[in-house]
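Heads up, the sequence shown is in the numbering used here, so the first residue is 126 and it goes up one at a time.
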Amino acid sequence: AGATFLGDTGLWFVPTAEILGHATFSASGQRANFDREQGFTDIQHYLGTFAVGVQDRAEIFGSFRALTRIDRDLRPLFRPALSRVGGVVSDYPLATDGFSGNEVGDFILGAKINLLSEERLNPAALAIRGLVKLPTGDEEAGTTTGEIDGEVDIIVSKAAGNVEVAGFGGFAFRSDPSNVDLPNGLRWGFGVGA
Numbered sequence: 126a127g128a129t130f131l132g133d134t135g136l137w138f139v140p141t142a143e144i145l146g147h148a149t150f151s152a153s154g155q156r157a158n159f160d161r162e163q164g165f166t167d168i169q170h171y172l173g174t175f176a177v178g179v180q181d182r183a184e185i186f187g188s189f190r191a192l193t194r195i196d197r198d199l200r201p202l203f204r205p206a207l208s209r210v211g212g213v214v215s216d217y218p219l220a221t222d223g224f225s226g227n228e229v230g231d232f233i234l235g236a237k238i239n240l241l242s243e244e245r246l247n248p249a250a251l252a253i254r255g256l257v258k259l260p261t262g263d264e265e266a267g268t269t270t271g272e273i274d275g276e277v278d279i280i281v282s283k284a285a286g287n288v289e290v291a292g293f294g295g296f297a298f299r300s301d302p303s304n305v306d307l308p309n310g311l312r313w314g315f316g317v318g319a
């Protein structure tokens with residue numbers, strides 16, 4: 126396992142239920158790219174992450190999106206008649222230009238609590254993860270919602286030889302910026318590292 130784009134221990138975009146040992150830490154620099162159907166939008170983050178293990182039961186982690194850019198290709202930018210592609214991107218509803226430019230993004234801070242661990246001879250690892258998004262991005266450029274958002278996930282992972290399998294599911298809570306009503310959402314993912 127390495128560090129996810131959010132900073133916790135995991136496989137690229139999927140966290141593992143295992144955590145760093147007590148007083149050990151990790152740090153990384155990454156580029157993360159997301160494509161959203163709404164507006165045919167491409168979102169790029171150039172970010173730095175960190176994590177530290179606490180008492181072999183928890184991991185405190187974070188990710189700072191030092192540079193975020195949002196490229197919305199649909200013209201005109203919004204087309205309400207095309208509900209599948211014409212609306213706003215839930216994570217970036219303030220993006221109202223075709224290109225945001227290179228701007229500062231948000232800061233993510235979270236904790237993962239390890240409930241079961243293969244290191245403690247459990248058959249698989251189980252953890253709960255919570256995080257908050259602090260709105261440090263540029264509202265005018267649309268690289269933030271300007272509001273605090275949160276997520277809670279349950280994570281299960283299993284190592285077998287040189288292969289690790291992980292999956293998670295959870296819920297995203299989104300605060301509404303002025304004049305925008307954002308949906309909350311279900312989150313899930315699955316990954317294999319070898």
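By construction, the Cβ of each residue, glycine as well, lies at the ideal position given by its N, Cα and C atoms.
- When DSSP states are grouped into helix, strand and coil, F224 belongs to the strand group.
- Contact between V229 and T268 holds: CB atoms are separated by about 7 Å, below the 8 Å threshold.
- Fewer than three beta-carbon pairs drawn from the region 155-173 and the region 292-305 are found closer than 8 Å, and the two stretches are therefore not classed as touching.
- L202 and G223 do touch by the CB rule: their CB atoms are close to 7 Å apart, below 8 Å.
- Contact between E276 and G295 holds, since their C-beta atoms are separated by about 6 Å, short of 8 Å.
- Counting of Cβ neighbours within 10 angstroms places V139 among the buried residues, the total reaching 16 or more.
- Per DSSP, V229 is not a residue of any beta strand (DSSP E), being assigned neither H nor E.
- Per DSSP, W313 is one residue of the beta strand (DSSP E) stretching across G310 to G318.
- Looking at the DSSP output, A291 shares a beta bridge with S282 and G316.
- When the five nearest sequence neighbours on each side are left out, the beta carbons in the same chain lying within less than 6 Å of the beta carbon of R312 are those of G295 and A297, in order along the chain.
- By the neighbour-count criterion, in which 16 or more other beta carbons inside 10 Å mark a residue as buried, R197 falls on the buried side.
- Q180 carries a coil assignment under DSSP once its states are collapsed to helix, strand and coil.
- Close CB contacts of N239 within its chain, under the 6 Å cut and outside five residues either way in sequence, are with I144, R182 and A252 (chain order).
- For G154, the uninterrupted beta strand (DSSP E) run begins and ends at F150 to R161, by DSSP.
- Between G235 and Y171, the alpha-carbon positions lie close to 19 Å from each other.
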